[in-house]
Amino acid sequence: MAQDNTNNQATGAASGTTESGSSDLFNTAAGWVLFAGIVGLGLSVLSDKYFHGYDAEDLPTEQMGYVVEGVEEEGAADAGPTLAQVLVDADPEAGAKVFQKCQSCHNVEQGGPNGVGPNLHGVMGKPIASNAPGFNYSSALKDKGGEWTWENMSEWLAAPRNFASGTSMSFAGLGSIEDRANVMAYLAANGGAPPKPEPEAPAEEEAAPAEEGAEEGAATEEGTEAEAPAETAEG
Ligand code: HEC
1 MAQDNTNNQA
11 TGAASGTTES
21 GSSDLFNTAA
31 GWVLFAGIVG
41 LGLSVLSDKY
51 FHGYDAEDLP
61 TEQMGYVVEG
71 VEEEGAADAG
81 PTLAQVLVDA
91 DPEAGAKVFQ
101 KCQSCHNVEQ
111 GGPNGVGPNL
121 HGVMGKPIAS
131 NAPGFNYSSA
141 LKDKGGEWTW
151 ENMSEWLAAP
161 RNFASGTSMS
171 FAGLGSIEDR
181 ANVMAYLAAN
191 GGAPPKPEPE
201 APAEEEAAPA
211 EEGAEEGAAT
221 EEGTEAEAPA
231 ETAEG
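Printed below as a string of structure tokens:
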């Protein structure tokens, strides 16, 4: 293409000025100079284009590293509030209503009888399968080990048979984390409980209460809101 143009121009220039041979020669020479210039320019444009392809900035950056598929960032999977967060607003009075599902088998009063299930007064924080010494616990629950922390109790109440496969508690479980939090608050209001898990911000390290003062500490920290309805729930 560059060559065609140059040839046309060269011959055009030649045919335009036919007066003298020297002028012819000059025009031919000029034509070649022009041709060389155009070819040179064309080459430089071409080479620029060609080598430009290797500039680092032109490489598609998203393909420069290895992309590991199927690896998700932590926390992406489980949405929804954590137990600690839900426990902040746990309401023993609402828990009393949830406990109606448990009442056919459990009593929460101090010194109350065992039923189909053991008495639950003060069960929060106790070693698992120990709250009612006279009760005939299943070996599934006795062998579980550990204590009734808020986390354990939530897991147990969500699906008793998953927590202790072979348990004699024939109860499907409480699917709602709010129901579990509320019924645990109700159990806590009936005989106490260890400190609740702290939601995120470890702001109050020095506030970590000593064993004895645990309940009072937790109660005053979270305001009287949680304590007040507990008393009405008991009556
Ligand atoms: C159908 C009867 C039944 C119902 C309903 C029931 N439970 Fe139970 N529960 C039992 C039995 C039986 C056990 C003893 C389980 C074992 O030994 O494996 C038990 C054990 C427990 C324990 C362990 C006590 C300990 O000393 O370690 C807790 C806590 C508990 N139940 C809470 C509840 C709550 C809260 C509800 C209601 C949301 C509930 N249960 C509903 C029968 C029941």
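Just so you know, we're using full-length UniProt numbering here: the sequence shown kicks off at 1 and counts up by one.
All residues carry an ideal CB built from backbone N, CA and C; glycine is no exception.
Just so you know, these numbers come straight off a predicted model, no measurement behind them.
M169 versus N190, P160 and D24, residue with shortest Cα-Cα distance: Among N190, P160 and D24, the Cα nearest to that of M169 is on P160.
Cutoff 6 angstroms; reference I177; Cβ partners in own chain excluding five residues on either side: Excluding sequence neighbours, I177 sits near V86.
Among residues of its own chain, excluding the 5 on either side of A164, which ones have a beta-carbon nearer than 6 angstroms to its beta-carbon? Same-chain partners within the cutoff: A140, L141 and K144.
For L83, which residues from the same chain have a beta carbon less than 6 angstroms from its beta carbon, with the 5 sequence-adjacent residues on both sides left out? Residues S154 of the same chain have their beta carbon placed closer than 6 angstroms to that of L83, with the five preceding and five following residues left out of the count.
Tell me P127's beta-bridge partners as DSSP assigns them. Under DSSP, P127 shares a beta bridge with E147.
Could you tell me the alpha carbon to alpha carbon distance between W156 and Y186, rounded to whole angstroms? Whole-angstrom Cα-Cα distance: 16 angstroms.
What residue from V33, A189 and K101 has the CA that sits closest to A172's CA? Ranked by Cα distance from A172, the first of V33, A189 and K101 is K101.
Could you tell me whether any non-hydrogen atom of ligand 1 is closer than 7 angstroms to the CB of A164? Yes, the beta carbon of A164 sits closer than 7 angstroms to at least one heavy atom of ligand 1.
So, for A90: in the same chain, excluding its five sequence neighbours on each side, which residues have a beta-carbon less than 6 angstroms away from its beta-carbon? Scanning its chain for C-beta atoms nearer than 6 angstroms, with the 5 sequence neighbours on each side dropped, one finds around A90 the residues A181, N182 and A185, in chain order.
Quick one: using the 10 Å Cβ neighbour count with 16 as the cut-off for buried, is A94 buried or exposed? Looking at its Cβ environment, which holds 16 or more other Cβ atoms inside 10 Å, A94 is buried.
Quick one, which of I128, L174, K126 and A132 has its alpha-carbon nearest G111's? Selected option, being the one with the closest Cα: A132.
Quick one: grab the DSSP three-state call for G37. When secondary structure is reduced to three states using DSSP, G37 falls in the helix class.
Classification of G166 by the beta-carbon crowding that lies within 10 angstroms, buried from 16 upward: Exposed: under 16 other Cβ atoms inside 10 Å.
Where the alpha helix (DSSP H) containing E93 begins and where it ends: It spans P92 to V98 - the alpha helix (DSSP H) in which E93 sits, taken as one unbroken run.
Can you grab the Cα-Cα spacing for the pair A188 / V123, in whole Å? The alpha-carbon atoms of A188 and V123 are separated by roughly 8 angstroms.
Would you please state the rounded distance, in angstroms, between the beta carbons of F135 and N114? I believe it to be under 8 angstroms. 5 angstroms between Cβ atoms; contact.
Spatially closest choice to T149 from N119, E198, V116 and L174, by CA coordinates: Checked all of N119, E198, V116 and L174; the closest Cα to T149 is E198.
So the alpha helix (DSSP H) V116 belongs to, where does it begin and stop? Element bounds for V116: n/a, residue is neither H nor E.
Can you list, in chain order, the residues of its chain whose CB lies under 7 angstroms from that of E109, leaving out five sequence neighbours each side? Counting only Cβ-Cβ distances below 7 angstroms, and skipping sequence neighbours, we find H121.
By the three-class DSSP mapping on this structure, what secondary structure does D179 have? The answer is helix: DSSP assigns D179 an H, G or I state.
Taking only three categories from DSSP, how would you classify A29? Helix at A29.
Tell me whether K101 sits in a helix, a strand or coil according to DSSP, three-state version. Helix at K101.
Straight-line Cα distance separating K196 from E221: Annotation note: pLDDT 49 at E221 (below 50); position unreliable, coordinate value reported separately. Using only the alpha carbons, I get a separation of about 11 angstroms.
Figure out for me which residue from S130, A158 and S138 has the closest Cα to the Cα of E147. Here the closest residue by C-alpha is S130.
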